[in-house]
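Numbering (the working numbering), first residue to last: 1 to 40. A short write-up of the structure that comes next.
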């Protein structure tokens, strides 16, 4: 999933008040190999 798509999904979950989905999605995003390359 692209970063804009991930961000959109997270925002959608926040708007629904679905905190567990937000948390799991953020963790998934951080575990994406493409995301890790940008951090380290």
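Where a beta carbon is used, it is the ideal one built from N, C-alpha and C, also for glycine. In this text, all values refer to a predicted model and were calculated from it rather than measured experimentally.
One question on the structure: do residue i and residue j come within less than 8 angstroms of each other, judged by their Cβ atoms?
| i | j | result |
| --- | --- | --- |
| residue 10 | residue 25 | yes |
Grouping DSSP H, G and I as helix and E and B as strand, with all else coil, what is residue i?
| i | result |
| --- | --- |
| residue 13 | helix |
| residue 24 | helix |
| residue 2 | coil |
| residue 19 | helix |
Since residue i and residue j should fall inside the 8 angstroms C-beta cutoff, what is the C-beta to C-beta distance between them, to a whole number of angstroms?
| i | j | result |
| --- | --- | --- |
| residue 29 | residue 6 | 5 angstroms |
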